[in-house]
Amino acid sequence: MTGVPFDLTSEQRAALLAIARRAICERVRGLPSTGGPSRDPRLEAAGAAFVTISQRGQLRGCIGYVDPIKPLREAVAHCAAAAATGDPRFPPVTPEELTHLEIEVSVLSPLRRITDPSEVEVGTHGLYISQSGRHGLLLPQVASEFQWDRETFLRQTCLKAGLPADAWRHGAEIQVFTVDRFTDHAPIESPGG
441 MTGVPFDLTS
451 EQRAALLAIA
461 RRAICERVRG
471 LPSTGGPSRD
481 PRLEAAGAAF
491 VTISQRGQLR
501 GCIGYVDPIK
511 PLREAVAHCA
521 AAAATGDPRF
531 PPVTPEELTH
541 LEIEVSVLSP
551 LRRITDPSEV
561 EVGTHGLYIS
571 QSGRHGLLLP
581 QVASEFQWDR
591 ETFLRQTCLK
601 AGLPADAWRH
611 GAEIQVFTVD
621 RFTDHAPIES
631 PGG
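For the sequence shown, our numbering gives the first residue as 441, with consecutive numbering after it.
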């Protein structure tokens with residue numbers, strides 16, 4: 441599967457954000473999933489995506505797919521629900537929190553292996569580093585938000601993988617990707633709440 445190209449329209453972005461909002465609400469409220477196929481072929485194409493949930497500017501959950509293994513709208517719905525209730529770093533989102541959440545969807549390009557770490561463009565590239573069965577991923581916006589330089593970004597991605605911070609210098613595989621990133625600050629509401 442090759443994945444979704446980045447020329448998503450504003451309507452497609454809005455649809456993906458609505459899918460994420462609905463999936464979060466349904467999971468948090470214990471409602472059955474109402475998601476289904478889309479009439480938009482771009483949303484039905486295989487896509488890799490991450491959904492990040494924040495509350496008042498603080499990370500509340502982030503889950504994603506690195507590989508385009510399912511339709512983009514399905515990947516976004518699954519990641520949104522999992523970010524709300526399955527990120528092991530945080531307790532599950534509660535119904536009371538729904539009106540305070542910000543949702544960010546990042547649609548990933550295919551991974552591209554690099555051999556020269558100087559090719560990493562901080563603020564443009566995300567990193568996926570792997571070695572000895574361990575792997576870690578950081579989205580491009582993470583390096584920008586923390587104002588990291590290239591070496592710090594590489595080191596932090598290695599640490600996220602559970603590798604020594606300098607594994608990127610010693611044979612770890614480095615892959616880069618870009619994202620189409622869009623955010624929604626609208627409150628999550630549902631007829632059931």
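Glycine is no exception: its CB is placed at the ideal position from the N, C-alpha and C atoms.
Taken in chain order, the unbroken stretches of alpha helix (DSSP H) that lie wholly in the stretch 445-482 and span 4 residues or more are 450-469. Look at the stretch 498-552 and you find these whole runs of alpha helix (DSSP H), each 4 residues long or longer: 512-525. Sequence-distant partners of I554 (beyond 5 residues in either direction) whose C-beta falls short of 8 angstroms from its own C-beta, in its chain, are V560, I614, Q615, V616. Looking at R500, P511, Q596, V506, the one whose alpha-carbon comes closest to that of S478 is P511. Using a Cβ distance threshold of 9 angstroms, R461 and A520 count as a contacting pair. E544 and A601 have their C-alpha atoms some 23 angstroms from each other. G563 has its alpha-carbon roughly 9 angstroms from the corresponding atom of E585.
Going by C-alpha positions, I509 is about 7 angstroms away from G487. Its chain contains R467, P532 as the residues whose beta carbon lies nearer than 6 angstroms to that of T525, once the 5 sequence neighbours on both sides are disregarded; these appear in chain order. Spanning the alpha carbons of H575 and A612 requires a straight line of approximately 9 angstroms. Under DSSP, no beta-bridge partner is assigned to Q596. Cβ-Cβ distances below 7 angstroms link E591 to nothing in the same chain once the five nearest sequence neighbours on each side are left out.
Note: G576 is bridge-paired with I569 in the DSSP secondary-structure output. In the structure shown, the three-state DSSP call for R609 is helix. At the C-beta level, T492 and S546 come within 9 angstroms of one another. G501 and S473 have their C-alpha atoms spaced approximately 20 angstroms apart. When DSSP states are grouped into helix, strand and coil, V491 belongs to the strand group.
Contact between L603 and Q581 is absent: CB atoms are separated by about 22 angstroms, not below the 8 angstroms threshold. Taking the CA atoms as reference points, A626 sits about 13 angstroms from E537. Between the alpha carbons of V619 and L471 lies a distance of about 31 angstroms. Beta-bridge partners of A486 (DSSP): P511.
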